[in-house]
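Peer 1:
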Amino acid sequence: MAEPMSRRDFLRKAAWGSLSWVVLRNSQSAFGYQANEKLNMAFVGAGGRGGALINEFAQLGENVVALCDVDERQAAGAFKRFPEAKRYADFRKMLEEMEKQIDAVVVATPDHTHACASVMAMELGKHV
-11 MAEPMSRRDF LRKAAWGSLS WVVLRNSQSA FGYQANEKLN MAFVGAGGRG
39 GALINEFAQL GENVVALCDV DERQAAGAFK RFPEAKRYAD FRKMLEEMEK
89 QIDAVVVATP DHTHACASVM AMELGKHV
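The sequence shown runs -11 to 116 under the working numbering.
#1: Are MET108 and ARG75 closer than 8 Å when you measure CB to CB?
#2: Excluding the five sequence neighbours on either side, which residues of its own chain have a C-beta within less than 8 Å of the C-beta of LYS88, listed in chain order?
#3: So what's VAL32 in DSSP terms, helix, strand or just coil?
#4: How is VAL93 classed by DSSP in three states: helix, strand or coil?
#5: Per DSSP, what kind of secondary structure is LEU41 in: helix, strand or coil?
#6: With burial defined as no fewer than 16 other Cβ atoms inside 10 Å of the residue's Cβ, what is the status of LEU(-1): buried or exposed?
#7: DSSP beta-bridge partners for LEU55?
#8: If you follow the alpha helix (DSSP H) that GLU111 is part of, which residue opens it and which one closes it?
#9: Measuring CA to CA, which of ILE90, PRO98, VAL95 is closest to LEU112?
#10: Quick check on PHE31 - is its C-beta less than 8 Å from some C-beta in chain C?
Take a look at the structure:
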């Protein structure tokens, strides 16, 4: 049989329960609201794995606004699929010119070049 609850314990538990109900009821995250806008995405590395990532984000409904790849032949598929996206061969130029239009950057390059593009994007306050 359960031990009897003191009046003090009852009031403490009731206060915590009421407080948590008020906090959760007024919490925006408790309702799981969706974002108001689509993300404007830029991609460094548009061929190979980068091309697959571009397609995945496009299927999710995000805006592909800039594509960067040093090998135009490798990126030809992405360039053709997203003709409205600005094309670049140098990620530094892309990030400088498109800084205000980009919300997030996907870096799909080999390991030895991945850090440079990622750091520059993060320094500009972009999600990577």
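Here a beta-carbon is modelled for each residue, glycine too, at the ideal position from N, C-alpha and C.
Small disclaimer: the values here were computed from a predicted structure and weren't measured.
Peer 2: The relevant details are as follows:
#1: no
#2: none
#3: strand
#4: strand
#5: helix
#6: exposed
#7: PHE31, ARG75
#8: 99 to 111
#9: ILE90
#10: In the structure shown, chain C cannot be found, because there is only a single protein chain.
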